[in-house]
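Here the structure is laid out as structure tokens; the discussion comes afterwards.
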Amino acid sequence: MSTINFSAREINFKIVYYGPGLSGKTTNLKQIYDQVPAESKGEMVSLATEDERTLFFDFLPLDLGKVNGFKTRFHLYTVPGQVFYNSSRKLILRSVDGVVFVADSSPARLRANAESLRNLRENLKEYNLRLSDVPHVIQINKRDLPDALDADMIRQVLDPERKAQVFEAVASEFQGVFEPLRAVATLVLEKLAQKA
Amino acid sequence: MLEPSLDLYGATFDAVDGILHELLAKSRARYALIIDRKGFVLMHARAMWAPKPPSLDSFATLVASNYAANRAIANLFGEEGFKETVQQGSEVGTYLEELGTEALLVTVFDSGAQLGRVKLATKHAADAIRVALEATPEEAPVIEFNQDWSSSTAALLDGLFGTRKP
Numbered sequence: 049m050s051t052i053n054f055s056a057r058e059i060n061f062k063i064v065y066y067g068p069g070l071s072g073k074t075t076n077l078k079q080i081y082d083q084v085p086a087e088s089k090g091e092m093v094s095l096a097t098e099d100e101r102t103l104f105f106d107f108l109p110l111d112l113g114k115v116n117g118f119k120t121r122f123h124l125y126t127v128p129g130q131v132f133y134n135s136s137r138k139l140i141l142r143s144v145d146g147v148v149f150v151a152d153s154s155p156a157r158l159r160a161n162a163e164s165l166r167n168l169r170e171n172l173k174e175y176n177l178r179l180s181d182v183p184h185v186i187q188i189n190k191r192d193l194p195d196a197l198d199a200d201m202i203r204q205v206l207d208p209e210r211k212a213q214v215f216e217a218v219a220s221e222f223q224g225v226f227e228p229l230r231a232v233a234t235l236v237l238e239k240l241a242q243k244a
Numbered sequence: 584m585l586e587p588s589l590d591l592y593g594a595t596f597d598a599v600d601g602i603l604h605e606l607l608a609k610s611r612a613r614y615a616l617i618i619d620r621k622g623f624v625l626m627h628a629r630a631m632w633a634p635k636p637p638s639l640d641s642f643a644t645l646v647a648s649n650y651a652a653n654r655a656i657a658n659l660f661g662e663e664g665f666k667e668t669v670q671q672g673s674e675v676g677t678y679l680e681e682l683g684t685e686a687l688l689v690t691v692f693d694s695g696a697q698l699g700r701v702k703l704a705t706k707h708a709a710d711a712i713r714v715a716l717e718a719t720p721e722e723a724p725v726i727e728f729n730q731d732w733s734s735s736t737a738a739l740l741d742g743l744f745g746t747r748k749p
């Protein structure tokens, strides 16, 4: 749920990057951090293990700018993808406003993609939310893999009803990184405008 | 849905601001912050003599996450939460009090402050803030989310991330 801070004149939103381990969630945040101008971003925080796997979360605050005298801000989080960190994933999803689901194009990870999406649905249920309640988009990452699965096949597994916007990406090369973020931010803002 | 975590505006804001500064004076702490449990800073106060604080966004996110993790640990043992959350380094420490179900009051102190005094002043401040929040709230300021607002935010998104491709 978005938060308004009248004293600081800010409206804050929480966007979570979700997906299986090693699908590129942290890479997305690092690329966003590198590409966004200094005045629009805060410090990036990563709670990672020594071998740079996400242990708890990565965090990056972004300032969109001022509208009607209120700053609009997005707090971006990643969750740890590894299966055994589910408690952490659940905590990060608290009060989420939007989700970017980062899928892996490798054939060997198709099942992990599906499993992670199922896990997302289950964890949202803990907060009495359905995935359809939360603005979300799908990023199919690692399109440069030589054996990358057809994007349509991955979509068929993750979004057979074709309800979500889908973006192909090579996050490590900054391809398809801003587009899903922009799309989910638009959905989140539209939802706020509809409900207000 | 858009909601303030706490009704911090108008006279309530002024009252709570006064409480935070009194807390700093009594405890000799560096900073006092009210953050919501999602990790957003709601209010903060800094002692006149204190050095510039680190990024408050990062600090608030880490405190809220740490609080949530500690609560999950307590739940594993059948506890609802831990009664005290104190962290002490060789130079700097933090002390945390809950403010209802949505927010946290955090005091950051250094070795010049006594932990006992920090705890007592923070507990008193938390009580006073709860009372201030329970007073009859003023009507919240109104924000218009009209067509102008939507166009302006779309333009800002274009500015930050590039124009949306059809």
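Which chain is which? The protein sequence lines are A and B, in order. Whatever position you read off the first sequence (first residue = 1), add 48 for this note's numbering. Whatever position you read off the second sequence (first residue = 1), add 583 for this note's numbering. For glycine and all other residues, C-beta sits at the position ideal for the given N, C-alpha and C.
How would you list, in chain order, the residues of chain A whose beta-carbon sits under 8 Å from the beta-carbon of residue i?
i, result
"Trp732 of chain B", "Val115, Asn116 and Ala241"
"Ala651 of chain B", "Leu139 and Arg142"
"Leu607 of chain B", "By Cβ distance, chain A contributes nothing, its closest Cβ being about 17 Å from Leu607 of chain B, past 8 Å."
Anyone know if the C-beta pair for residue i and residue j falls short of 8 Å?
i, j, result
"Phe107 of chain A", "Pro128 of chain A", "no"
"Thr51 of chain A", "Asp619 of chain B", "yes"
"Ala612 of chain B", "Phe665 of chain B", "no"
"Pro68 of chain A", "Ala160 of chain A", "yes"
"Val185 of chain A", "Ile80 of chain A", "no"
"Ile188 of chain A", "Ala217 of chain A", "yes"
"Tyr650 of chain B", "Pro636 of chain B", "no"
"Ala608 of chain B", "Gly622 of chain B", "no"
Hey, quick one: how far does the beta strand (DSSP E) through residue i stretch, first residue to last?
i, result
"Gln187 of chain A", "His184 to Asn189"
"Ile726 of chain B", "Element bounds for Ile726 of chain B: n/a, residue is neither H nor E."
"Ser94 of chain A", "Val93 to Ala96"
"Asn60 of chain A", "Glu58 to Tyr66"
Would you give the residue range spanned by the alpha helix (DSSP H) that residue i belongs to?
i, result
"Glu238 of chain A", "Phe226 to Lys243"
"Ile602 of chain B", "Gly593 to Ser610"
"Phe744 of chain B", "Gln730 to Phe744"
"Met631 of chain B", "Segment: none, Met631 of chain B is in no alpha helix (DSSP H) and carries neither H nor E."
Using a beta-carbon distance below 8 Å, is residue i in contact with chain A?
i, result
"Pro724 of chain B", "yes"
"Glu717 of chain B", "no"
"Leu616 of chain B", "no"
"Phe728 of chain B", "yes"
"Gly601 of chain B", "no"
Determine whether the Cβ of residue i lies closer than 8 Å to any Cβ atom of chain B.
i, result
"Thr51 of chain A", "yes"
"Arg230 of chain A", "yes"
"Pro128 of chain A", "no"
"Val214 of chain A", "no"
"Ser180 of chain A", "no"
"Leu235 of chain A", "no"
"Val84 of chain A", "yes"
"Phe226 of chain A", "yes"
"Leu206 of chain A", "no"
"His123 of chain A", "yes"
"Ser220 of chain A", "no"
"Ser71 of chain A", "no"
Starting from the beta carbon of residue i, find every residue of chain B whose beta carbon is closer than 9 Å, and list them in chain order.
i, result
"Lys62 of chain A", "Lys621, Gly622 and Phe623"
Can you pull the chain A residues whose beta carbon is under 9 Å from the beta carbon of residue i, in chain order?
i, result
"Thr684 of chain B", "Residues of chain A passing the Cβ test: none, with the nearest at roughly 12 Å."
Residue i touches chain B at which residues, Cβ-Cβ below 7 Å?
i, result
"Pro109 of chain A", "Asp640"
**Interfacial residues, the region 653 to 682 of chain B to chain A, with Cβ spacing under 7 Å** = Ala655
**Message:** To be precise: take each residue of the region 86 to 106 of chain A, compare its Cβ to all Cβ atoms of chain B, and keep it if any distance is under 9 Å. Which residues remain?
**Reply:** Contact residues of the region 86 to 106 of chain A toward chain B are Ser88, Gly90, Glu91, Met92, Val93, Leu95, Phe104 and Phe105 (C-beta to C-beta distance below 9 Å).
**Message:** Give me the subset of the region 146 to 165 of chain A whose CB atoms are less than 7 Å from a CB atom of chain B, sorted by chain position.
**Reply:** none
**Message:** At a CB distance below 7 Å, what residues from the region 628 to 644 of chain B approach chain A? Give them in sequence order.
**Reply:** Of all residues in the region 628 to 644 of chain B, Ser638, Asp640, Ser641 and Thr644 have a Cβ within less than 7 Å of some Cβ in chain A.
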